[in-house]
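Quick note on this note's numbering: the sequence shown kicks off at 239 and runs consecutively.
Since the structure comes first, as C-alpha cells, the remarks are kept for the end.
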Amino acid sequence: MSRFFAGSDSESESSSSEEDVMPTRSAPTRAVAWSDSDDEDAKRVVKSEKEKRFDELADIIKQSRNYRKIKDMSNTLSAFENLTKAFEKAKRVIDKEGLPHFFIRHLAELEDFTAEYWEDKEAKKAMSKNNAKGLTTLRQRLKKYNKDFEDQIKLYRENPDEYLAEDQEEETVPDATVIAAAAPVGKKEKAIKVVKEQDDSDDSIWSTSSDETSSSDDEDLENPALKFLKKAPTESKQKKVKAAPQPKPVVKAKVEEDDEGWTEVSAGARPQERPKMFQKDEDITHEAVIKKLTEIIAVRGKKGTKRTEQVLILEELRDIAQGSNLGAGLQVKIRFSIMEALLDYNPAISSCMKPDAWSQCLNAVDEMLEFLEQNPTIKLSMNIKEDEEEMASEPYKLRGCIFSTVERMDDEFTKMLQACDAHSPDYVERLKDEQRICAIIEALTTYGKSHGTADEMCRVHLLNIRHTYYKFDKPASEGDENTSIKKMKTLCCHIFINDTTDRIRTQAILYNIYHLALHNNWFKARNQMLMSHLQESVSHSDVPTQICYNRCMVQLGLCAFRKGFIRDAHDCLLEIQSSGRAKELLAQGLLLQRQNERTAEQEKIEKMRQMPYHMHINLELLECVYLVSAMLLEIPYLAAHELDSRRRLISKNFHHVLRISERQPLTGPPESMREHVVQASKAMKRGEWKSCRDYLINDKMNLKVWDLFTNADQVRDMITLKIQEETLRTYLFTYSSIYTSLSMDTLAEMFQLPRTTIHSIISKMIINEELLASLDEPTQSVVMHRTEPSRLQSTALLLSDKVASLVENNERLLEIKQGNHGFSNKGGYDKDGGQQRGNRGGAYRRVDNQNWKNRQGFGGRSGYQQKNY
239 MSRFFAGSDS ESESSSSEED VMPTRSAPTR AVAWSDSDDE DAKRVVKSEK EKRFDELADI
299 IKQSRNYRKI KDMSNTLSAF ENLTKAFEKA KRVIDKEGLP HFFIRHLAEL EDFTAEYWED
359 KEAKKAMSKN NAKGLTTLRQ RLKKYNKDFE DQIKLYRENP DEYLAEDQEE ETVPDATVIA
419 AAAPVGKKEK AIKVVKEQDD SDDSIWSTSS DETSSSDDED LENPALKFLK KAPTESKQKK
479 VKAAPQPKPV VKAKVEEDDE GWTEVSAGAR PQERPKMFQK DEDITHEAVI KKLTEIIAVR
539 GKKGTKRTEQ VLILEELRDI AQGSNLGAGL QVKIRFSIME ALLDYNPAIS SCMKPDAWSQ
599 CLNAVDEMLE FLEQNPTIKL SMNIKEDEEE MASEPYKLRG CIFSTVERMD DEFTKMLQAC
659 DAHSPDYVER LKDEQRICAI IEALTTYGKS HGTADEMCRV HLLNIRHTYY KFDKPASEGD
719 ENTSIKKMKT LCCHIFINDT TDRIRTQAIL YNIYHLALHN NWFKARNQML MSHLQESVSH
779 SDVPTQICYN RCMVQLGLCA FRKGFIRDAH DCLLEIQSSG RAKELLAQGL LLQRQNERTA
839 EQEKIEKMRQ MPYHMHINLE LLECVYLVSA MLLEIPYLAA HELDSRRRLI SKNFHHVLRI
899 SERQPLTGPP ESMREHVVQA SKAMKRGEWK SCRDYLINDK MNLKVWDLFT NADQVRDMIT
959 LKIQEETLRT YLFTYSSIYT SLSMDTLAEM FQLPRTTIHS IISKMIINEE LLASLDEPTQ
1019 SVVMHRTEPS RLQSTALLLS DKVASLVENN ERLLEIKQGN HGFSNKGGYD KDGGQQRGNR
1079 GGAYRRVDNQ NWKNRQGFGG RSGYQQKNY
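Take a look at the structure:
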C-alpha cells in the first residue's frame, strides 16, 4: 500500500542489506524484501516454498511433542494425521530437496513413545476411554505409515547424533555463541564472524528505520494515512532469538592406560568402560585372573553393556591366561564364559544371532570339545558349587555342563533357520552349518561315553536323532549295514533302556516311526505305533510332542499310500485333513488370524515352534494323496448305496470338494490339483477308467505331485491298478440291475485286467453281499439275481415312505389343533364310532385297513422287504 503515498526508493534500497548464509543447517535462510517507498516502516519476510512447507511440518511436530508430554493420546493422534496431510502437501518439495531429518527423527521418537506407553499396563489402566482409543489407533496407523520409511528410521537409530543438527523445528537464527558451540572444531571463529556481521547489518537497518520514523512524525499532519500504517517493531517486541540445539560433541575416551591410543565415543551413548586388564608390573596368577573374570561376568546384563565387547575382553583374558600357563582348568572356565556370552548375544528369546556371532559360537564350542578331549582329567558337573571349584591344580573340578551348551547351540541354529527366508541364498548358507553341528554332536557323544551320565547320553542321542530322522538314506547296496535305519535303531534302543523321563522316550519312538515310514517300512512302523499306544495319551503331552505325533501320522499315511494300502492311508490322514488346519498342526506356518483367536504373545510362541523349511512335508502332495484315497473308497460306496438315504459319509472333506464343483455354472478344463481329482471322480462314477487315469496321471500332475515321491513310477503304476479295480466295482454296482449276465472275458477286456483278478474281485463282492449274483464257471460269466428293485421301483418306494411320513405328521397336527391336548385315548372310540389307537406322545392316528393298503404306494413291497411289512 505504501507505493500510493509520497516517498522514494533510495532510502529503502540503501537500508536493505543482503543477509549472509549461515554455516549451520538449523538456521533457515531468510529472504527479506523491503518496501519500495520511503514511508514503509514494516519488514515483510518472503519465504520460499521449501521453508514454508518445512516450517508447517515443524509446527505440527512441536504440537505433537507437547501433547506427548501430557500424554494426551487423542490430540497426539490428531497431530499425526495433520502431519501426514502436511507431508503430502510438501511431497513435491521433498522429492526435490530430500527428506528432512527432523521428520524421520519425529517418526522414530513417536514410535518409541507409543511402544513404551503400550507396554505400560498400569498407565493403560489409568487412561481415559478416548486416550485408550487414540493410543490403539495411533499405534496401528503409525506402524503402517512407518513401513515407507524403514530404511531412514534404521539409519537414524544407528546414528542419532547426525540427525540432531537437522532439527527444523527451530525457526530463528541462533546467536554467535550458540553457533560457535555447534560449529565444527576449527571453524568457530568463522561462524562468530558471520553472525557478528549479520548483527551489525541488522543494527544498521533498525537504526535507519528509527530515524525515518522520527523524521516522518512531522509529516503525519500532512498525510493522516501514515498513522494507520504498520510501524517497525521495537526492541521489547522483537522476537527473541532461540538457540539451536547443540549437537553433542565427540568425546575421546581412553580405553586403557597403555599406548594403544584413543577411541572416539559419541556422546549420544554412555561411554563403555572396559575393565582394566593387569598392570605392567602386576603378577598374573590364578587369583588375579579369577578376580578379573568375576569382574567381567558381573558387568554382563547391565544396561549399556555391549555383548560384543564382553566377548572380546574374555577372549583377551583367555589368551593372557594361556600365555601365562595357568593350567587347563582356568582355560575351561574362561571358555565356558565365552560360550555363555555368545549364546546370550540377544536379550530377546525370539530373536536369533547374527552370522558373525554364530560363527564365533560354533568355533568356541568346537574348540571347547577338542580341549576337553585333550584334557580328560577335567571334571564338569552342575552339582559342583562355585566355592568348591578347583582350577589351580589337578584334578580339576568345575561347575558347568557342556551338554546343555550344545543343546542351546542347536536351538539357536533352529531359530536362525526360522528367521531366514526359505527361498534365499542365506538359508542355504545357514543350512551348510548342519554338517558342523552333526560333527560337534558326534564329538560330544564320544566325550559323553567316558564323562557323561545316562541321562546326559540320552539327551545327546536325542540331538543326534533330530538331525537324522527326516533324511532319506538310500543305501549303496542291499547288504550295506551302515544305514540310517540301523543307526536310528541303535540310538533309540539306548534311549528306551536308559531314559528315566517319558518325554525323551516318546519323542524317540515317534522319530523312529517317522524314519521307518519314510523308508517304506510300513509294517514295522505300523506295529511300533500300535504297540506304543501313543494315540491314547498324546493329547496330554506337550505341544512339541503333539507336533511330532502329527508329522509321524502323516508320514505313516504317505507310506501306506505308496504301498497300496488305501484304507490305511485314508485313516491316517483323516484327522489331519478333515480339520482344515494341516498347516498349523504340522507347524509349517500360521493360518490367517481370525478375530480374537490368538494374542500377540501366543502368535510369537507359535512362530517359535515352526519347523525349518527343509523339514516341511509338501501340503499339496498330502492333500492330493488324501483326496485320491477318499475317491477310491467313496465312489464305489456311493454307487452301491445310491438310493440309501441313511448312508454314511466316509470323507466329508471329499464330499465338500465335490459339492463346490457341482455348484459351478461352467466347468472348464481342470487346472488345479483338486479339479483334476474331481474330474477323475466323475469319470470313475461313469465307469470310464481310462479317463479317470488320464485326469490323475499327466504331465501337470506328475510335476506337482507324483514326481515328489522317490519311487514315482511305482506309485503311478499302483494308482493305475487301483483305478482299474475300483472302477470295475463301481461299474458293477451301477449297471447290475440292467444286465441279466456278464461275461468275465468282456469285463477283462473292458478294464484291461487279468481274468483271475476279475474273478477275485467279483467273488469278494458276492461273499460280502455287496452284489446279488452268482458265478457260472463253465461259461465264465456272472449271472445276476433280479431280487433288487429297479431304479424306478426304488424311487417309488422312497417317495411312498416320504408321503406316508408327511401324511402322518399332518394328522398329528390336526389332532392337536382339535383339542386333544396331548392326552392319549387308549383303545376307545371317537365320535364317529371308529376305533382309535393311542400313541406314546399323546397324539393318535386313525387305523383303517383299507386306507393302510392304499398307503403302500406303487406295487407294494417286493421280495424280502414285503415280509418286513
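Every residue gets a Cβ at the ideal spot worked out from N, C-alpha and C, and that includes glycine.
Bear in mind that the values here come from a model prediction, so they are computed numbers and not experimental data.
For this session: Give every residue of the same chain whose Cβ lies closer than 8 Å to the Cβ of ASP438, excluding the five residues on either side of it in the sequence, and list them in chain order.
Result: Taking the sequence shown and counting its residues from 1, one reaches residue 438 at position 200. Residue placement at ASP438 is flagged as unreliable, the pLDDT there being 48, under the threshold of 50; the coordinate-derived value follows with that caveat. Taken in chain order, the list of residues that qualify is empty.
Problem set entry | Exposed unless 16 or more other CB atoms sit within 10 angstroms - verdict on ALA364 | Residue 364 sits at position 126 when you count from the first residue of the sequence shown. By the 10 Å Cβ count, ALA364 comes out exposed.
Exercise. Could you give the C-beta distance for GLY925 and TYR969, rounded to a whole number, given that I count them as a contact under 8 Å?
Worked result: For the purposes of this step, residue 925 is identified with residue 687 of the sequence shown, where counting begins at 1. For the purposes of this step, residue 969 is identified with residue 731 of the sequence shown, where counting begins at 1. About 4 Å; that satisfies the 8 Å criterion.
Exercise. By how many angstroms is the C-alpha of LEU581 removed from the C-alpha of SER575?
Worked result: As a working mapping, residue 575 is identified with position 337 in the sequence shown. As a working mapping, residue 581 is identified with position 343 in the sequence shown. In this structure, the straight-line span from the alpha carbon of SER575 to that of LEU581 is close to 10 Å.
Exercise. Is the region 840-851 touching the region 810-818, taking contact as three or more C-beta pairs under 8 Å?
Worked result: no
Problem set entry | Inter-stretch contact (C-beta, 8 Å, three-pair minimum) for the region 942-950 and the region 982-992 | no
For this session: Out of LYS821, LYS801, ALA677, ILE1005, state which residue places its alpha-carbon closest to the alpha-carbon of ILE785.
Result: In the sequence shown, residue 785 corresponds to position 547, counting from 1. Measuring from the Cα of ILE785, the nearest candidate turns out to be LYS821.
For this session: Look at MET647 and VAL603 and say whether their C-beta atoms are less than 8 Å apart.
Result: Walking along the sequence shown from the start, residue 647 turns up at place 409. Walking along the sequence shown from the start, residue 603 turns up at place 365. Yes, these two residues count as a Cβ contact at 8 Å.
Problem set entry | Beta-bridge pairing of GLU628 - partner residues as DSSP gives them | Position 390 of the sequence shown, counted from the first residue, corresponds to residue 628. Looking at the DSSP assignment, GLU628 forms a beta bridge with LYS635.
Exercise. Looking at the structure shown, is LEU1013 part of a helix, part of a strand, or coil, going by DSSP?
Worked result: As a first step, residue 1013 is located in the sequence shown; it is residue number 775 there, counting from the start. Three-state DSSP puts LEU1013 in a strand.
Exercise. Can you tell me the Cα-Cα spacing of GLN390 and LYS359, whole angstroms?
Worked result: The sequence position of residue 390 within the sequence shown is 152, counting from 1. The sequence position of residue 359 within the sequence shown is 121, counting from 1. In a straight line, the C-alpha of GLN390 is about 30 Å away from that of LYS359.
For this session: Give the straight-line distance between the Cα atoms of LYS300 and PHE340, rounded to the nearest whole angstrom.
Result: Translated into positions along the sequence shown, residue 300 becomes position 62. Translated into positions along the sequence shown, residue 340 becomes position 102. Approximately 11 Å, taken between the alpha carbons.
For this session: Give the straight-line distance between the Cα atoms of GLY827 and GLU839, rounded to the nearest whole angstrom.
Result: Counting from 1 along the sequence shown, the entry for residue 827 is found at position 589. Counting from 1 along the sequence shown, the entry for residue 839 is found at position 601. Taking the straight line joining both Cα atoms gives about 16 Å.
Exercise. Quick one, which of LEU859, LYS928, LEU794 has its alpha-carbon nearest LYS762's?
Worked result: What you label residue 762 is simply residue 524 of the sequence shown in a count that begins at 1. Comparing Cα positions, the closest option is LEU794.
Problem set entry | Rounded Cβ spacing between GLN962 and LEU991 (contact assumed at less than 8 Å) | Numbered from 1 along the sequence shown, position 724 holds the residue referred to as residue 962. Numbered from 1 along the sequence shown, position 753 holds the residue referred to as residue 991. Contact holds; Cβ gap of about 5 Å.
Problem set entry | Nearest candidate by alpha-carbon position, reference LEU772, set ALA755, CYS790, HIS757, GLU520 | Here residue 772 refers to the residue found at position 534 of the sequence shown. The shortest Cα separation from LEU772 among ALA755, CYS790, HIS757, GLU520 belongs to CYS790.
For this session: Starting from MET1022, follow the beta strand (DSSP E) in both directions and report where the run begins and ends.
Result: Here residue 1022 is taken as the residue at index 784 of the sequence shown, counted from 1. Taken as a continuous stretch (DSSP letters only), the beta strand (DSSP E) holding MET1022 covers 1019-1022.
For this session: Note down the Cα distance separating VAL488 from PRO398, rounded to an integer number of angstroms.
Result: Within the sequence shown, the letter at position 250 stands for residue 488. Within the sequence shown, the letter at position 160 stands for residue 398. Low per-residue confidence applies at VAL488: pLDDT is 40, beneath 50, and the placement is therefore not dependable, though the value from the model is reported in the following sentence. Approximately 13 Å between the Cα atoms of the pair.
For this session: For the beta strand (DSSP E) holding LEU887, just list the boundary residues, first then last.
Result: As a first step, residue 887 is located in the sequence shown; it is residue number 649 there, counting from the start. Per DSSP, LEU887 belongs to no beta strand (DSSP E) and is neither H nor E.
Problem set entry | Cβ-Cβ distance between ALA677 and ASN736 below 8 Å | Stepping through the sequence shown from its first residue, residue 677 is reached at position 439. Stepping through the sequence shown from its first residue, residue 736 is reached at position 498. Contact flag unset, no.
Problem set entry | Continuous alpha helix (DSSP H) stretch holding LYS382: start and end | Counting from 1 along the sequence shown, the entry for residue 382 is found at position 144. 367-383 is the span of the alpha helix (DSSP H), which, as asked, contains LYS382.
Exercise. If you drop the 5 nearest sequence neighbours on each side, which residues of the same chain put their C-beta closer than 8 Å to that of HIS732?
Worked result: Translated into the one-based positions of the sequence shown, residue 732 becomes position 494. Counting only Cβ-Cβ distances below 8 Å, and skipping sequence neighbours, we find MET695, CYS696, HIS699.
Exercise. Along the chain, where does the alpha helix (DSSP H) that runs through SER316 open and close?
Worked result: Looking up residue 316 in the sequence shown gives position 78. Its alpha helix (DSSP H) spans residues 311-327.
Exercise. How many angstroms separate the CA atom of SER308 from the CA atom of SER302?
Worked result: Indexing the sequence shown from 1 puts residue 308 at position 70. Indexing the sequence shown from 1 puts residue 302 at position 64. Here residue 308 is Ile; the residue named in the question, Ser, does not match the sequence. SER302 has its alpha-carbon roughly 10 Å from the corresponding atom of ILE308.
Exercise. What are the uninterrupted segments assigned as alpha helix (DSSP H) that are 4 or more residues long and contained completely in the region 978-1009, given in chain order?
Worked result: Assignment of alpha helix (DSSP H) within the region 978-1009, counting only whole runs of 4 or more residues, yields 982-989, 993-1005 in chain order.
Problem set entry | Member of PRO903, TYR933, TRP927 whose CA lies at the smallest distance from the CA of GLU913 | By one-based count along the sequence shown, residue 913 stands at place 675. Nearest option by C-alpha distance: TYR933.
Problem set entry | the region 561-573 contacting the region 600-618, beta-carbon criterion three pairs below 8 Å | yes
Problem set entry | Helix, strand or coil at SER867 according to DSSP, with G and I counted as helix | Mapped onto the sequence shown, residue 867 falls at position 629. Helix.
Problem set entry | Whole-angstrom C-beta distance between ALA660 and TYR851, which should lie under 8 Å | For the purposes of this step, residue 851 is identified with residue 613 of the sequence shown, where counting begins at 1. For the purposes of this step, residue 660 is identified with residue 422 of the sequence shown, where counting begins at 1. Right, their Cβ atoms sit about 4 Å apart.
Exercise. Looking only at C-alpha atoms, which of ARG545, LEU607, LYS362 sits nearest to LYS592?
Worked result: Start at 1 with the first residue of the sequence shown, and residue 592 comes out as number 354. Looking at the Cα atoms, ARG545 is the closest of the given residues.
Problem set entry | Cross-strand partners of LYS617 (DSSP beta bridge) | As a working note, residue 617 is residue 379 in the sequence shown. Note: LYS617 sits in a beta bridge opposite LYS635.
Exercise. What do you reckon, are the CB atoms on GLU627 and LEU636 nearer than 8 Å?
Worked result: Position 389 of the sequence shown, counted from the start, is the residue given in the question as residue 627. Position 398 of the sequence shown, counted from the start, is the residue given in the question as residue 636. Cβ atoms of GLU627 and LEU636: closer than 8 Å.
For this session: Could you give the DSSP three-state label for SER777: helix, strand or coil?
Result: For the purposes of this step, residue 777 is taken as the residue at position 539 of the sequence shown. SER777 falls in the helix class under three-state DSSP.
Exercise. Between which two residues does the alpha helix (DSSP H) containing ILE961 stretch?
Worked result: Locating residue 961 in the sequence shown gives position 723, where the first residue counts as 1. ILE961 -> alpha helix (DSSP H) spans 950-973.
Problem set entry | Supposed close pair HIS705, ILE679 - CB separation, criterion 8 Å | Position 467 of the sequence shown, counted from the start, is the residue given in the question as residue 705. Position 441 of the sequence shown, counted from the start, is the residue given in the question as residue 679. That pair is a contact at about 7 Å.
Exercise. Over what stretch of residues does the alpha helix (DSSP H) that includes PRO593 continue unbroken?
Worked result: By 1-based counting over the sequence shown, the position of residue 593 is 355. Per DSSP, PRO593 belongs to the alpha helix (DSSP H) from 593-612.
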